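Everything on this sheet refers to the single structure shown next.
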Amino acid sequence: MEYRFLGKTGLRVSELCLGAMTFGRENEATEKESHEMLNFFVASGGNFVDTANVYSTGTSEEIVGRWLKKQKREDIIVATKVRFPMGEGPNNAGLSRHHILHSAEASLRRLQTDYVDLFQVHCWDPKTPLEETLSTLNDLVRRGWVRYIGASNFSGWQLQRALCLSRANGWERFFCLQPQYHLLCRSTEWELIPLCEVEGLGVIPWSPLGGGWLSGKFKRGMSGPPDDSRVKIAEERGWTESWTNRNNESTWRLLDVLHEISAESGKSPAQVAINWLLRKAAVTAPIIGAKRMDQLQNNIGSIGWSLSPGQLTKLDQASLIPMPYPYDFIRMAEARR
Ligand SMILES: NC(=O)c1ccc[n+]([C@@H]2O[C@H](COP(=O)([O-])OP(=O)(O)OC[C@H]3O[C@@H](n4cnc5c(N)ncnc54)[C@H](OP(=O)(O)O)[C@@H]3O)[C@@H](O)[C@H]2O)c1
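Numbering (this note's numbering), first residue to last: 603 to 939.
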C-alpha cells in the first residue's frame with residue numbers, strides 16, 4: 603500500500619480508505635465481519651477508515667470504536683461526519699453550532715477516542731450561516747477533538763465560499779473533499795476537482811463502484827438487479843444507486859467497455875474501476891466499500907499495478923457525459939484559442 607499526503611497537510615493516508623457504511627447495516631456486514639475486514643485492511647497496509655454518525659444510526663461508529671480500542675490509536679486515521687438527522691427533535695440535524703458540538707461529542711463517545719483525525723460535514727446546509735458552521739469547526743480543532751476538517755457533497759461555489767471565509771477569518775479550513783466520483787459520475791470533474799487541485803484539498807471519492815454497478819454483477823440485457831444486491835435495496839429506499847436511476851444506455855455502454863478491459867487485463871471489473879480512479883491526479887484515496895471479506899480482498903487488488911494509457915483513454919471516453927452550459931462554452935472557447 604502506498605501513502606499519500608491528504609491535500610496540503612502533513613498527514614499521510616493509505617491510497618485506499620476503508621468505508622464503514624456497510625458495518626452493522628441490514629443485509630450487509632455484521633460486527634464480526636466488519637472487524638475481520640478492518641483487520642485485513644490494516645494487515646494489507648491500510649491506515650484510513652471512513653464512517654459517519656448517521657451510518658446505521660451510530661452503530662457503524664460503535665463497531666469501529668470497539669475495534670479501534672484494540673489498535674495503537676496513532677496508527678489509524680479515523681474520519682467521521684456530521685449533518686444528517688440523528689433521532690427526533692428540531693435541532694438534531696444540520697450544521698448549526700448546537701448540532702455540530704453535540705454530534706462531535708457523541709461520535710467521540712461511540713468511537714471510544716479522544717479525537718477524530720478528519721471531521722467532515724456530510725452535506726451543504728442551506729439553512730445555517732456558513733460562518734456559524736466554520737467557526738464551530740475551528741473551535742473543535744482548537745479543543746483538540748478534531749485534527750483536520752473536510753467537506754462532502756458541496757457544489758463548487760459552496761466549497762470555494764467556505765475556503766474564502768475560513769481564510770479571511772484565520773479559521774481552520776477544509777483540507778479534504780469527499781465527493782461522489784466514479785466512472786458513472788464524472789460531473790465531479792466540472793468544478794470540484796479543479797478547485798481541489800488549485801486549493802490543495804485531498805479528494806477521497808465515495809462509492810467508487812457506484813454502489814455495486816461497477817463490480818461486475820451488472821451486464822447488458824439484465825432486466826433487474828440481483829436479489830441480494832445493494833442496488834435492489836436502493837430501489838426500495840430511493841438511493842442514488844437504484845436500478846431506475848442507472849438503468850440507461852450510457853451506463854450499459856460504459857459497462858461494455860469496463861468488462862472488455864477487465865477481460866483483456868485479467869483484473870476484475872471492480873479492480874479496473876478503482877484503478878481508473880487511483881490514476882486521477884487529484885484523487886488521494888478512493889473509499890472502498892465491501893459487505894464481505896471476498897469483496898474487500900477483490901477491491902484491494904486494485905492497487906500495485908496500472909491500467910495502460912490506452913485503457914485509461916477508452917474508459918475516459920466511454921464514461922464522458924455531455925457538459926451543460928457554461929462548462930461546454932468554456933471548453934469550446936479554450937479549444938479555439
Ligand atoms: N459522503 C457521502 O455522502 C457518502 C455516500 C456513500 C458512501 N460514502 C462512503 O464511501 C464508502 C464506500 O461506499 P459504497 O459502499 O457505496 O462503495 P461501492 O464500492 O460503490 O459499493 C459497495 C457495494 O458494492 C458491492 N461490491 C463492492 N465490492 C464488490 C466486489 N468486489 N464484487 C462484487 N460486489 C462488490 C457490494 O454490494 P452488493 O454485494 O450488495 O452488490 C458493496 O456493498 C462508504 O463506506 C462510506 O464511507 C460516503
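Don't be surprised by glycine CBs; every beta carbon is placed ideally from N, CA and C.
Treat the numbers as computed from the prediction; the structure is a model and nothing was measured.
As assigned by DSSP and simplified to three states, the class of residue i
i	result
ASP559	In the structure as shown, the chain starts at 603 and stops at 939, and residue 559 therefore has no counterpart that could be examined.
TYR927	coil
LEU710	helix
ALA695	coil
VAL651	strand
ILE932	helix
ALA875	helix
PHE625	strand
ILE905	coil
CYS787	strand
ARG668	helix
ALA884	coil
VAL947	Residue 947 is absent from the model: the chain starts at 603 and stops at 939.
GLY814	helix
GLY804	strand
ALA892	coil
HIS724	coil
Limits of the beta strand (DSSP E) - the one that residue i falls within
i	result
VAL684	679-684
ILE863	Element bounds for ILE863: not the beta strand (DSSP E) but the alpha helix (DSSP H), 851-867.
GLN780	776-780
ARG614	614-616
VAL748	748-754
ARG606	605-607
Nearest residue (CA-CA) to residue i, options the options
i	options	result
ASP652	PRO928, GLY840, ARG775, ALA753	ALA753
GLY891	HIS704, LEU811, SER870	LEU811
VAL874	LEU856, THR886, LEU739, ALA883	LEU856
SER662	VAL680, GLU791, LEU879, LYS834	VAL680
SER578	LEU898, TYR929, GLU936, GLY868	Only positions 603 to 939 of the chain appear in the structure, and residue 578 is not among them; the question remains open.
ILE665	ARG699, PHE625, HIS701	PHE625
HIS784	LYS893, PRO796, GLY813	GLY813
ILE923	SER789, ALA883, LYS882, ARG822	SER789
GLN913	GLY903, TRP878, ARG933, ALA883	TRP878
GLU774	GLU837, GLY746, TRP726	GLY746
SER870	LYS882, LEU816, GLY826	LEU816
Residue range of the unbroken alpha helix (DSSP H) whose run includes residue i
i	result
CYS766	758-771
LEU620	That residue, LEU620, is in no alpha helix (DSSP H); its beta strand (DSSP E) goes 619-621.
PHE820	No alpha helix (DSSP H) contains PHE820, which DSSP labels as neither H nor E.
ARG832	832-839
ARG745	732-745
ASP918	911-921
ALA631	Here ALA631 belongs to no alpha helix (DSSP H), and DSSP marks it neither H nor E.
Residue i Cβ short of 7 Å to ligand 1 heavy atom set
i	result
GLY624	First, the amino acid is wrong: residue 624 is Thr here, not Gly. Under cutoff, so the answer is yes.
GLU837	no
VAL833	yes
ASN847	no
ILE905	no
For the region 747-767 and the region 796-811, state whether three or more C-beta atom pairs, one from each stretch, are separated by less than 8 Å. yes
Any chance the region 841-853 sits against the region 686-705, with 3 or more Cβ pairs inside 8 Å? no
Does the region 763-783 come close enough to the region 721-736 to have 3 or more Cβ pairs within less than 8 Å? yes
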